[in-house]
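Undergrad: Let me begin by handing over the structure; questions about it come next.
Residue numbers (our numbering): 7 to 252.
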(Lines of atoms letter the chains of each structure in order from A and count residues from 1; the text may use other names and numbers.)
(Lines give C-alpha, C1' and ligand atoms only; values in the text may rest on other atoms or scores of the structure.)
Protein backbone atom coordinates (compact mmCIF):
# COMPACT_ATOMS: atom_id res chain seq x y z
CA UNK A 1 0.00 0.00 0.00
CA UNK A 2 1.38 3.42 -0.95
CA UNK A 3 1.25 5.61 2.13
CA UNK A 4 2.55 8.94 0.78
CA UNK A 5 2.89 10.13 -2.77
CA UNK A 6 3.54 13.44 -4.38
CA UNK A 7 0.42 15.45 -5.14
CA UNK A 8 0.05 16.24 -8.82
CA UNK A 9 -2.16 18.91 -10.31
CA UNK A 10 -3.25 19.51 -13.82
CA UNK A 11 -2.24 22.78 -15.37
CA UNK A 12 -5.69 23.51 -16.75
CA UNK A 13 -8.41 24.84 -14.52
CA UNK A 14 -6.21 26.98 -12.25
CA UNK A 15 -8.33 30.04 -12.85
CA UNK A 16 -11.44 28.32 -11.51
CA UNK A 17 -9.83 27.05 -8.28
CA UNK A 18 -11.32 28.08 -4.98
CA UNK A 19 -9.25 29.70 -2.21
CA UNK A 20 -9.14 26.44 -0.21
CA UNK A 21 -7.88 24.56 -3.25
CA UNK A 22 -5.14 27.15 -3.79
CA UNK A 23 -4.02 26.76 -0.18
CA UNK A 24 -4.04 23.00 -0.59
CA UNK A 25 -1.64 23.32 -3.54
CA UNK A 26 1.01 24.63 -1.13
CA UNK A 27 1.18 21.20 0.54
CA UNK A 28 3.44 19.09 -1.65
CA UNK A 29 2.42 15.78 -0.10
CA UNK A 30 -1.02 14.46 0.61
CA UNK A 31 -2.12 13.72 4.16
CA UNK A 32 -2.32 10.14 5.24
CA UNK A 33 -5.68 8.54 4.74
CA UNK A 34 -7.66 8.15 7.93
CA UNK A 35 -7.48 4.35 7.76
CA UNK A 36 -3.67 4.57 7.85
CA UNK A 37 -3.60 6.59 11.08
CA UNK A 38 -3.18 4.61 14.29
CA UNK A 39 -3.81 6.58 17.51
CA UNK A 40 -2.00 5.29 20.62
CA UNK A 41 -1.79 6.50 24.20
CA UNK A 42 2.01 6.58 23.95
CA UNK A 43 1.90 8.90 20.96
CA UNK A 44 -0.58 11.18 22.71
CA UNK A 45 1.58 11.28 25.81
CA UNK A 46 4.66 12.13 23.74
CA UNK A 47 2.75 14.98 22.08
CA UNK A 48 1.63 16.36 25.44
CA UNK A 49 5.18 16.19 26.83
CA UNK A 50 6.50 17.94 23.72
CA UNK A 51 3.99 20.78 24.03
CA UNK A 52 4.76 21.17 27.77
CA UNK A 53 8.52 21.35 27.10
CA UNK A 54 7.99 23.93 24.37
CA UNK A 55 5.78 26.00 26.69
CA UNK A 56 8.38 25.89 29.49
CA UNK A 57 11.16 26.94 27.10
CA UNK A 58 9.11 29.87 25.81
CA UNK A 59 8.32 31.04 29.37
CA UNK A 60 12.00 30.70 30.35
CA UNK A 61 13.13 32.77 27.36
CA UNK A 62 10.58 35.50 28.08
CA UNK A 63 11.60 35.59 31.75
CA UNK A 64 15.28 35.87 30.82
CA UNK A 65 14.48 38.70 28.42
CA UNK A 66 12.47 40.61 31.06
CA UNK A 67 15.04 40.00 33.84
CA UNK A 68 18.48 39.95 32.24
CA UNK A 69 21.47 38.85 34.25
CA UNK A 70 24.28 41.36 34.67
CA UNK A 71 27.83 40.11 34.29
CA UNK A 72 30.59 42.19 35.86
CA UNK A 73 34.11 42.35 34.50
CA UNK A 74 36.79 44.26 36.37
CA UNK A 75 40.23 45.25 35.18
CA UNK A 76 43.06 47.15 36.83
CA UNK A 77 43.82 50.64 35.55
CA UNK A 78 47.34 50.26 34.18
CA UNK A 79 47.76 53.95 33.31
CA UNK A 80 49.63 55.87 36.00
CA UNK A 81 49.47 59.18 34.15
CA UNK A 82 46.60 61.60 34.49
CA UNK A 83 44.33 62.46 37.39
CA UNK A 84 41.49 60.65 39.09
CA UNK A 85 38.33 62.67 39.86
CA UNK A 86 37.00 62.07 43.38
CA UNK A 87 33.46 63.39 43.69
CA UNK A 88 32.18 64.13 47.15
CA UNK A 89 29.18 65.69 48.83
CA UNK A 90 29.41 65.47 52.60
CA UNK A 91 28.35 67.52 55.60
CA UNK A 92 30.37 67.68 58.83
CA UNK A 93 28.88 68.82 62.13
CA UNK A 94 31.51 71.55 62.56
CA UNK A 95 31.79 75.11 61.31
CA UNK A 96 33.75 75.69 58.12
CA UNK A 97 36.33 77.76 60.01
CA UNK A 98 37.18 74.73 62.15
CA UNK A 99 37.57 71.98 59.57
CA UNK A 100 39.30 71.29 56.26
CA UNK A 101 39.62 68.48 53.75
CA UNK A 102 42.42 67.31 51.46
CA UNK A 103 43.86 64.22 49.75
CA UNK A 104 47.36 63.11 50.76
CA UNK A 105 49.54 60.13 49.90
CA UNK A 106 50.94 57.64 52.38
CA UNK A 107 53.88 59.97 53.11
CA UNK A 108 51.65 62.95 53.85
CA UNK A 109 52.22 64.77 50.56
CA UNK A 110 49.28 66.46 48.87
CA UNK A 111 47.91 64.35 46.01
CA UNK A 112 44.91 66.28 44.82
CA UNK A 113 43.69 69.75 44.09
CA UNK A 114 40.40 70.90 45.59
CA UNK A 115 39.95 73.84 43.21
CA UNK A 116 36.56 72.43 42.16
CA UNK A 117 35.46 71.91 45.75
CA UNK A 118 32.90 74.23 47.32
CA UNK A 119 32.70 74.90 51.05
CA UNK A 120 29.16 75.82 52.12
CA UNK A 121 27.84 76.90 55.51
CA UNK A 122 25.02 74.56 56.43
CA UNK A 123 22.85 73.08 59.18
CA UNK A 124 23.58 69.51 60.16
CA UNK A 125 20.08 68.56 61.26
CA UNK A 126 17.77 67.95 58.32
CA UNK A 127 14.11 68.80 58.15
CA UNK A 128 11.71 65.88 58.52
CA UNK A 129 11.03 65.74 54.77
CA UNK A 130 14.69 65.84 53.78
CA UNK A 131 15.62 63.35 56.48
CA UNK A 132 12.99 60.96 55.12
CA UNK A 133 14.44 61.27 51.61
CA UNK A 134 17.99 60.83 52.86
CA UNK A 135 17.09 57.73 54.89
CA UNK A 136 15.19 56.27 51.92
CA UNK A 137 18.15 56.75 49.62
CA UNK A 138 20.55 55.27 52.17
CA UNK A 139 18.33 52.20 52.58
CA UNK A 140 18.04 51.64 48.83
CA UNK A 141 21.79 52.00 48.30
CA UNK A 142 22.24 49.41 51.03
CA UNK A 143 19.96 47.03 49.13
CA UNK A 144 21.97 47.57 45.96
CA UNK A 145 25.24 46.77 47.72
CA UNK A 146 23.93 43.67 49.48
CA UNK A 147 21.68 42.11 46.85
CA UNK A 148 21.73 43.53 43.36
CA UNK A 149 24.96 45.51 42.89
CA UNK A 150 23.57 47.24 39.83
CA UNK A 151 21.07 49.99 39.10
CA UNK A 152 20.49 48.42 35.70
CA UNK A 153 18.29 45.75 37.26
CA UNK A 154 16.03 48.35 38.85
CA UNK A 155 15.77 50.77 35.97
CA UNK A 156 14.33 48.03 33.76
CA UNK A 157 10.67 48.84 33.08
CA UNK A 158 9.38 45.75 34.83
CA UNK A 159 11.12 46.75 38.08
CA UNK A 160 10.35 50.46 38.44
CA UNK A 161 7.11 49.85 40.37
CA UNK A 162 8.76 47.53 42.86
CA UNK A 163 7.90 48.63 46.41
CA UNK A 164 11.33 47.49 47.53
CA UNK A 165 12.96 50.20 45.43
CA UNK A 166 10.59 53.12 45.02
CA UNK A 167 12.44 55.82 43.06
CA UNK A 168 9.77 58.47 43.47
CA UNK A 169 10.88 59.44 46.99
CA UNK A 170 14.55 59.78 46.07
CA UNK A 171 14.53 62.74 43.70
CA UNK A 172 17.36 65.25 43.77
CA UNK A 173 17.27 67.97 46.39
CA UNK A 174 19.72 70.62 47.61
CA UNK A 175 20.59 71.41 51.18
CA UNK A 176 19.94 75.06 51.92
CA UNK A 177 22.91 77.35 52.54
CA UNK A 178 22.72 79.42 55.72
CA UNK A 179 24.67 82.38 57.05
CA UNK A 180 27.91 81.79 58.92
CA UNK A 181 26.40 82.96 62.22
CA UNK A 182 23.57 80.39 62.01
CA UNK A 183 25.66 77.54 60.63
CA UNK A 184 26.63 74.61 62.82
CA UNK A 185 27.95 72.41 60.00
CA UNK A 186 30.15 72.63 56.92
CA UNK A 187 29.24 71.05 53.60
CA UNK A 188 31.97 70.01 51.15
CA UNK A 189 30.69 69.39 47.63
CA UNK A 190 32.59 69.12 44.38
CA UNK A 191 35.49 67.25 42.85
CA UNK A 192 39.06 66.53 43.90
CA UNK A 193 41.49 65.95 41.05
CA UNK A 194 43.97 63.50 42.57
CA UNK A 195 47.05 61.85 41.12
CA UNK A 196 46.94 58.08 40.75
CA UNK A 197 48.85 57.09 43.87
CA UNK A 198 47.92 55.36 47.15
CA UNK A 199 46.58 57.92 49.58
CA UNK A 200 43.90 59.01 52.00
CA UNK A 201 41.12 61.55 52.16
CA UNK A 202 41.79 63.68 55.25
CA UNK A 203 39.11 65.53 57.16
CA UNK A 204 40.67 67.30 60.11
CA UNK A 205 40.49 70.44 62.23
CA UNK A 206 42.10 73.64 61.07
CA UNK A 207 43.26 74.67 57.62
CA UNK A 208 45.86 72.82 55.60
CA UNK A 209 49.08 74.61 54.74
CA UNK A 210 51.38 73.15 52.10
CA UNK A 211 54.91 74.33 52.82
CA UNK A 212 56.46 72.43 49.89
CA UNK A 213 56.03 69.14 48.06
CA UNK A 214 57.39 67.18 51.05
CA UNK A 215 55.65 69.00 53.91
CA UNK A 216 51.97 69.26 54.73
CA UNK A 217 50.67 70.70 58.01
CA UNK A 218 47.36 71.81 59.49
CA UNK A 219 46.85 74.94 61.57
CA UNK A 220 43.94 74.57 63.99
CA UNK A 221 42.54 77.27 66.29
CA UNK A 222 42.51 76.70 70.02
CA UNK A 223 39.22 75.41 71.36
CA UNK A 224 38.53 78.15 73.90
CA UNK A 225 35.27 76.78 75.29
CA UNK A 226 36.84 73.46 76.20
CA UNK A 227 34.36 71.35 74.23
CA UNK A 228 35.41 68.50 71.99
CA UNK A 229 35.37 68.67 68.21
CA UNK A 230 32.51 66.68 66.66
CA UNK A 231 33.41 64.74 63.52
CA UNK A 232 29.90 63.57 62.83
CA UNK A 233 29.45 63.27 59.05
CA UNK A 234 26.70 62.74 56.52
CA UNK A 235 27.63 61.53 53.01
CA UNK A 236 25.38 62.06 50.02
CA UNK A 237 27.90 61.38 47.25
CA UNK A 238 31.28 59.67 47.20
CA UNK A 239 32.38 58.26 43.86
CA UNK A 240 35.27 58.22 41.43
CA UNK A 241 33.71 59.79 38.36
CA UNK A 242 32.87 63.19 36.96
CA UNK A 243 29.36 64.50 37.51
CA UNK A 244 27.75 67.43 35.79
CA UNK A 245 25.78 69.02 38.65
CA UNK A 246 26.82 70.06 42.15
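Don't be surprised by glycine CBs; every beta carbon is placed ideally from N, CA and C.
Small disclaimer: the values here were computed from a predicted structure and weren't measured.
Which first and last residues belong to the alpha helix (DSSP H) in which residue 200 is found?
TA: Note, residue 200: premise wrong, no alpha helix (DSSP H); beta strand (DSSP E) at 191-201.
Undergrad: Within the continuous alpha helix (DSSP H) that includes residue 64, where are the two ends?
TA: First-last of the alpha helix (DSSP H) with residue 64: 47-72.
Undergrad: Would you be able to state if there are at least three C-beta pairs under 8 Å between the segment 58-76 and the segment 102-113?
TA: Because the criterion of three Cβ pairs below 8 Å is not met, the segment 102-113 and the segment 58-76 do not touch.
Undergrad: How long is the line joining the alpha carbons of residue 146 and residue 45, rounded to whole angstroms?
TA: Distance between the alpha carbons of residue 146 and residue 45: 59 Å.
Undergrad: Contact between the segment 185-194 and the segment 86-93: three or more CB pairs below 8 Å?
TA: No, because fewer than three Cβ pairs between the segment 185-194 and the segment 86-93 fall closer than 8 Å, the two stretches do not touch.
Undergrad: Go ahead and pull the three-state DSSP assignment for residue 32.
TA: Looking at residue 32 - three-state DSSP - the assignment turns out to be helix.
Undergrad: Just to confirm, is the Cβ distance from residue 111 to residue 204 under 8 Å?
TA: Closer than 8 Å, so yes.
Undergrad: Using the C-alpha atoms, what's the distance from residue 127 back to residue 186?
TA: One C-alpha to the other measures close to 6 Å.
Undergrad: Just to check my reading of the structure: residue 94 and residue 195 have Cβ atoms closer than 8 Å, yes? What is that Cβ distance to the nearest angstrom?
TA: Confirmed, Cβ separation roughly 7 Å.
Undergrad: Give me whichever residues DSSP pairs with residue 210 in a beta bridge.
TA: In DSSP, residue 210 forms a bridge with 106.
Undergrad: Check whether the Cβ atoms of residue 235 and residue 91 lie closer than 8 Å to each other.
TA: It is not a contact, given that the beta carbons lie outside the stated cut-off.
Undergrad: Rounded to whole angstroms, what's the CA-CA distance from residue 237 to residue 142? Just pull it up for me.
TA: Computed Cα separation, rounded: 23 Å.
Undergrad: Tell me the rounded alpha-carbon separation between residue 106 and residue 202.
TA: If I take the Cα positions, the gap works out to 22 Å.
Undergrad: Could you please give me the residues that DSSP links to residue 245 through a beta bridge?
TA: Looking at the DSSP assignment, residue 245 forms a beta bridge with 93.
Undergrad: Would you kindly report the start and end of the unbroken alpha helix (DSSP H) that includes residue 235?
TA: It is not in any alpha helix (DSSP H) - residue 235 carries neither H nor E in the DSSP assignment.
Undergrad: Put residue 124 into one of helix, strand or coil per three-state DSSP.
TA: Looking at residue 124 - three-state DSSP - the assignment turns out to be strand.
Undergrad: Name the two residues that bound the continuous alpha helix (DSSP H) containing residue 140.
TA: Per DSSP, residue 140 belongs to the alpha helix (DSSP H) from 134-149.
Undergrad: Among 209, 96 and 60, which one has its Cα closest to the Cα of residue 241?
TA: The candidate whose alpha carbon is nearest that of residue 241 is 96.
Undergrad: Given that a residue counts as buried once 16 or more other Cβ atoms are within 10 Å of its Cβ, and exposed if not, what is residue 123?
TA: Under this definition residue 123 is a buried residue.
Undergrad: Strictly by DSSP, which residues pair up with residue 98?
TA: Paired residue(s): 192 and 239.
Undergrad: What residue from 149, 82, 152 and 182 has the CA that sits closest to residue 131's CA?
TA: Residue 182 is the option with its Cα nearest to residue 131.
Undergrad: Using 10 angstroms around the beta-carbon of residue 98, count the other beta-carbons present and answer buried if the total reaches 16, otherwise exposed.
TA: Classification of residue 98: buried, given that the 10 Å Cβ count is 16 or more.
Undergrad: Quick check: what's the CA-CA separation for residue 244 versus residue 65?
TA: Taking the straight line joining both Cα atoms gives about 41 Å.
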